[in-house]
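Participant: A single structure is presented below for examination.
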Amino acid sequence: MIEILNPTELARAGVTGALVGDILRTLRSRSEVGTNLLDIDRWAREMILEAGAQSCYVDYAPSFGRGPFGHYICTGVNDAVLHGRPHDYALADGDLLSLDLAVSVDGVAADAAISFIVGESRPPESVALIDATERALEAGIAAAGPGARIGDISHAIGSVLREAGYPINTEFGGHGIGSTMHQDPHVPNTGRRGTGYKLRPGLMLALEPWVMQDTDRLVTDADGWTLRSATGCRTAHSEHTVAITEDGAEVLTRSARG
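For the sequence shown, position 125 (counting from the first letter as 1) is numbered 125 according to the UniProt record's numbering, and the numbering increases by one without interruption.
This is how it looks when you write it as structure tokens:
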């Protein structure tokens, strides 16, 4: 299903997006050496419920997962890049942490992800991975607008990632979003200009470049959810929800607090 939101729904989407951005900003500030992933999940739960929002993850049970996800945020450390299920792990200096959060407010969802390095260490390969996904995300946003096509976004994202030297996996990518978290159209992280669905005002998309340092192959943890690089290499993931407007694309999930 491809959903086109009306102005009232888009206004609600802006509220949801700001909440997602604020929660991620707060969680990043609290994530230090020694922080447990289960504490991050608990903090996310508290902030979601305090805001009167609903988690898109806790009861999420798609065909590719094993039962309901059962947690409020995805936490990926180092080689874990997607659907990282929080578990009893204390963050170490130099860990590359990815946080992926989706919530719904008044029936409209928003989805975003950030990657950052914990502590004082700055491993060059981690810095490069994060930088590439962030630049690819901005390129994808710049390519979005009324009349553009999904392939234009995918090409913009893929060009940045490929130029940075990273393999690109197309099993998982961006997606439509609205009254539910995952909708059509699929937005691969590489593609051809001028192909795919033509964007219309009112369409919302979650754009999410993610990469693994030296492979395009994923493996699944025993938890049935966490997706890791097949070689154990480091990974990074950046995501924003955008709304297509009459004159471009509005990013909804930047933090309202800067």
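Glycine residues also receive a C-beta, built at the ideal position from the N, C-alpha and C atoms. Bear in mind the structure is a predicted one, so any value in this text is a computation, not a measurement.
So what does DSSP say about Gly140, is it helix, strand or coil?
Facilitator: Helix at Gly140.
Participant: Exposed or buried, which one is Arg85 when buried takes at least 16 other CB atoms within 10 Å?
Facilitator: The residue is buried, with at least 16 neighbouring Cβ atoms inside 10 Å.
Participant: Let me know the secondary structure DSSP gives Gly258 once reduced to three states.
Facilitator: Only weak support exists for where Gly258 lies, its pLDDT of 49 falling under 50; the value from the coordinates is given anyway. In this structure, Gly258 counts as coil in the three-state DSSP scheme.
Participant: Thinking just about the alpha-carbon of each residue, which of Tyr57, Pro123, Arg162, Ala128 is nearest to the one in Ala112?
Facilitator: Of the listed residues, the one whose Cα sits closest to Ala112 is Tyr57.
Participant: Should Ala94 and Thr241 be called a contact, given that it needs their Cβ atoms to be closer than 7 Å?
Facilitator: At residue 94 the sequence reads Gly, which differs from the Ala that was named. No, the pair does not count as a contact, with Cβ atoms beyond the cut-off.
Participant: Going by DSSP, what residue range makes up the alpha helix (DSSP H) through Ser159?
Facilitator: 150-163 is the extent of the alpha helix (DSSP H) around Ser159.
Participant: Determine the DSSP secondary structure at Arg25, reduced to helix, strand or coil.
Facilitator: Reduced to three states, the DSSP call for Arg25 is helix.
Participant: Pick out the complete alpha helix (DSSP H) segments inside the segment 201-239, 4 residues or longer, and give them in chain order.
Facilitator: If we require 4 residues or more, the segment 201-239 turns out to have no alpha helix (DSSP H) run fully inside it.
Participant: Whole angstroms are fine: how far does the CA of Ile130 sit from the CA of His87?
Facilitator: Rounded to the nearest angstrom, the two C-alpha atoms are 23 Å apart.
Participant: For a test of the three-state rule: what should DSSP assign to Asp79, helix, strand or coil?
Facilitator: Note: Asp79 maps to coil in three-state DSSP.
Participant: Quick one: which unbroken beta strand (DSSP E) runs of 3-plus residues sit fully inside the segment 37-108? Chain order, please.
Facilitator: If we require 3 residues or more, the beta strand (DSSP E) runs fully inside the segment 37-108 come out as 74-77, 80-82, 96-105.
Participant: Quick one, which of His155, Glu134, Ala132, Thr133 has its alpha-carbon nearest Ala143's?
Facilitator: Among His155, Glu134, Ala132, Thr133, the Cα nearest to that of Ala143 belongs to His155.
Participant: Apart from the five residues just before and just after Gly232, which ones in its own chain have a Cβ nearer than 6 Å to its Cβ?
Facilitator: Cβ neighbours of Gly232 beyond the five flanking positions: Asp79.
Participant: Identify, in the order they occur along the chain, each residue of the same chain with its Cβ nearer than 7 Å to the Cβ of Gly258, setting aside the five sequence neighbours on each side.
Facilitator: Only weak support exists for where Gly258 lies, its pLDDT of 49 falling under 50; the value from the coordinates is given anyway. Here the set comprises nothing.
Participant: Please classify Ser115: is it buried, with 16 or more other beta-carbons within 10 angstroms of its beta-carbon, or exposed?
Facilitator: So Ser115 counts as buried.
Participant: Just grab the DSSP bridge partners of Ser115 for me.
Facilitator: Answer is Ser98, bridged to Ser115.
Participant: Spatial neighbours of Gly52 within its chain, please: C-beta separation below 8 Å, excluding the five flanking residues on both sides.
Facilitator: Cβ neighbours of Gly52 beyond the five flanking positions: Val105.
Participant: The beta strand (DSSP E) that contains Asp247, what's its start and end?
Facilitator: Per DSSP, Asp247 belongs to no beta strand (DSSP E) and is neither H nor E.
Participant: Quick one: using the 10 Å Cβ neighbour count with 16 as the cut-off for buried, is Asn189 buried or exposed?
Facilitator: That one is buried.
Participant: State the Cα-Cα distance for the pair Asp41 and Gly65, rounded to the nearest angstrom.
Facilitator: Each residue's alpha carbon lies about 18 Å from the other.
Participant: Quick one: Cα of residue 335 to Cα of Gly248, how far?
Facilitator: Not covered by the structure: residue 335. The range shown for the chain is 1 to 258.
Participant: From Gly158, Thr180, Met212, Pro201, pick the residue whose C-alpha is nearest to that of Val187; which is it?
Facilitator: The candidate whose alpha carbon is nearest that of Val187 is Gly158.
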